[in-house]
């Protein structure tokens with residue numbers, strides 16, 4: 363790999379510069395074009411426009427040098443369109459003077475002894491016609507482009523050309539000359555050009571190195587291009603590859619704006635934000651077995667896909683692989699929804715419940731296993747429900763017991779190979795561990811459990827007006843975490859051997875029980891911070907304009923467990939109440955989870 367600051371003239375000695383045939387289309391718009399012109403017309407500073415990553419392609423002896431654009435398609439296309447617009451607006455004398463240098467940048471000769479020139483930048487299948495129309499306009503007796511026919515619905519490259527022509531017409535000839543000379547000045551090093559060598563440098567590794575500079579190299583683009591370029595190579599037919607691309611990849615991932623937006627939407631996976639298509643491709647690599655989470659990292663993914671693709675040497679093998687990607691993509695989009703504050707949950711939607719639990723716990727490790735189950739057992743809904751129910755129990759029981767999650771990568775592979783293995787793993791978390799875990803639980807985990815306990819109650823009893831809820835409640839400790847000022851009365855307490863606790867032991871016991879799940883509930887809104895530490899009566903009733911617990915007690919776990927009892931005269935909340943409510947909630951959780 364070599365990285366050098368260069369001017370736009372770096373293109374002059376190059377042969378064909380290929381933008382991958384199945385690359386996504388040109389997307390820059392007016393804001394980008396305006397920024398570029400503003401930057402280039404600014405004479406008070408140097409013009410750094412970003413980076414371009416090029417890969418040298420191996421070519422036969424005697425053939426012109428070939429490069430592939432790995433990243434930088436947008437700025438390279440835009441600069442060449444601007445150069446062509448400048449050339450087209452020059453008067454005949456200036457055109458003749460600068461024709462040689464412009465031709466060196468925009469064209470190359472495939473046959474060194476021939477008279478024909480070919481366009482240097484060989485564009486992707488979605489942009490090639492518009493780009494050729496711009497570059498060939500007014501060349502070799504080709505007609506000029508009818509600017510009046512270009513509108514907001516026209517191809518972006520045509521819109522770009524029209525925009526530059528209109529802007530340049532408003533500049534003086536001296537300004538246009540200055541811009542032309544500035545663009546082609548070899549000392550105006552406005553780009554960092556990174557040269558890779560085919561077979562020795564990996565684009566994704568380069569991307570990971572440069573990511574802090576804002577360079578966006580799409581994993582999906584690399585994989586897509588590798589797949590369909592290989593189909594063209596083994597089939598010898600670009601046309602059939604295009605047809606297959608449009609029926610599969612384009613229809614699934616690029617069909618319309620909503621589809622593109624969906625696959626570009628990011629989700630939190632562990633500590634990383636990753637878009638849906640990258641998560642999907644990662645899942646497939648795990649399912650197919652060529653990505654091992656114990657050995658590989660995400661930066662290896664494109665390299666591993668290329669290795670997998672390299673091993674498929676027939677059109678049929680490649681098409682079967684792509685069809686499999688498409689099937690998994692359909693399952694992913696249909697079965698793994700994105701949740702927000704408006705999403706309604708009900709207990710009887712078991713798959714949605716599992717996905718919500720995994721999302722709150724920030725566990726995406728089992729997504730490959732779920733996709734595998736959905737695909738492999740698509741005709742056995744009862745088995746799918748059984749397996750995923752066991753997965754839910756496995757994850758939740760381990761969460762309550764505060765057991766490690768590092769082994770989940772290996773377990774995901776094991777479950778894919780043998781789905782029924784989950785049943786054996788369930789028994790590794792005992793009921794005693796569950797009981798102890800509920801007595802020292804984080805706010806996040808407690809809120810999740812209480813939410814689903816509430817929905818389970820509503821699912822079993824028709825007295826409730828709705829069995830669907832949004833996950834937007836606030837966790838409250840009934841006995842406050844800072845209890846010392848207003849909750850001074852501590853009842854007599856006894857140790858397991860019957861001896862009375864000392865004052866210090868009683869205080870320590872109270873600190874401990876504050877974090878039992880029986881001391882926690884969910885409210886529709888947070889309490890006023892000043893009210894939160896008040897005595898139990900004030901916390902329930904509120905004080906003045908400060909609303910108390912009963913104002914936010916829409917859920918049974920608050921209204922029935924706390925408020926109604928209080929209104930019926932049970933106005934004490936202490937360690938004994940926490941013990942009793944914890945036992946009741948534990949019983950409900952065990953009924954939901956069980957061991958099998």
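Residue numbers (my numbering): 363 to 958.
Beta carbons: idealized from backbone N, C-alpha and C, even for Gly.
These numbers come from a predicted model, not from an experiment.
- The C-alpha of residue 416 is placed about 24 Å away from the C-alpha of residue 399.
- With contacts defined as CB atoms closer than 8 Å, residue 495 and residue 520 qualify as a contacting pair.
- Remark: C-beta atoms of residue 586 and residue 611 approach each other more closely than 8 Å.
- Rounded to the nearest angstrom, the Cβ distance from residue 683 to residue 674 is 6 Å, consistent with a contact under 8 Å.
- Between the beta-carbon of residue 379 and that of residue 482 there is about 6 Å, and that keeps the pair under the 8 Å contact cut.
- Rounded to the nearest whole angstrom, the C-alpha separation of residue 881 and residue 943 is 8 Å.
- Between the alpha carbons of residue 371 and residue 548 lies a gap of roughly 6 Å.
- Secondary-structure assignment with DSSP links residue 904 through a beta bridge to 909.
- Within the region 489 to 533, the complete alpha helix (DSSP H) segments at least 4 residues long are 490 to 498 and 518 to 531, listed from N- to C-terminus.
- Secondary structure at residue 367: strand, using DSSP grouped into helix, strand and coil.
- Counting C-beta atoms within 10 angstroms of its own C-beta, residue 694 has 16 or more neighbours from the protein chains shown and is therefore classed as buried.
- Between residue 499 and residue 512, the C-beta spacing is not below 8 Å.
- Residue 486 and residue 697 have their C-alpha atoms roughly 33 Å apart.
- By the Cβ rule, the region 618 to 635 does not count as touching the region 705 to 712, because fewer than three pairs are nearer than 8 Å.
- Straight-line measurement puts the Cα of residue 743 at about 32 Å from the Cα of residue 634.
- The three-state reading of DSSP puts residue 683 in helix, counting H, G and I together.
- Below 8 Å, too few C-beta pairs join the region 861 to 875 and the region 886 to 903 to call them touching: fewer than three.
- Residue 803 and residue 940 have their C-alpha atoms some 14 Å from each other.
- In the three-state reduction of the DSSP assignment, residue 698 falls in the coil class, being assigned neither a helical nor a strand state.
- Per DSSP, the unbroken alpha helix (DSSP H) holding residue 744 starts and ends at 743 to 762.
- By the Cβ-count criterion, residue 432 is buried, with 16 or more other Cβ atoms from all chains shown falling within 10 Å of its own Cβ.
- The beta carbon of residue 722 sits closer than 6 Å to those of 810, all from its chain and outside the five residues before and after it, given in chain order.
- For residue 414, the uninterrupted beta strand (DSSP E) run begins and ends at 413 to 419, by DSSP.
- Residue pairing by DSSP places residue 385 in no beta bridge whatsoever.
- Counting of Cβ neighbours within 10 angstroms places residue 892 among the exposed residues, the total staying below 16.
- In the DSSP assignment, no residue is bridged to residue 664.
- Assigned with DSSP and collapsed to three states, residue 889 falls in coil, not helix or strand.
- With a cutoff of 8 Å on beta-carbon distance, residue 829 and residue 709 are scored as near each other.
- For residue 544, the uninterrupted alpha helix (DSSP H) segment begins and ends at 535 to 546.
- CA-CA distance, residue 715 to residue 545, rounds to 58 Å.
- In this structure, DSSP gives residue 852 a state outside helix and strand, which the three-state scheme calls coil.
- Of all C-beta pairs linking the region 635 to 648 to the region 727 to 737, three or more are shorter than 8 Å, placing the two stretches in contact.
- The straight-line gap separating the alpha-carbon atoms of residue 527 and residue 490 is approximately 20 Å.
- Short of 6 Å from the beta carbon of residue 667, and not among the five residues preceding or following it, lie these beta carbons of its own chain, in chain order: 585.
- Where residue 837 is concerned, the enclosing beta strand (DSSP E) starts and stops at 836 to 839.
- Assignment of residue 918 by DSSP, reduced to helix, strand and coil, places it in the helix class.
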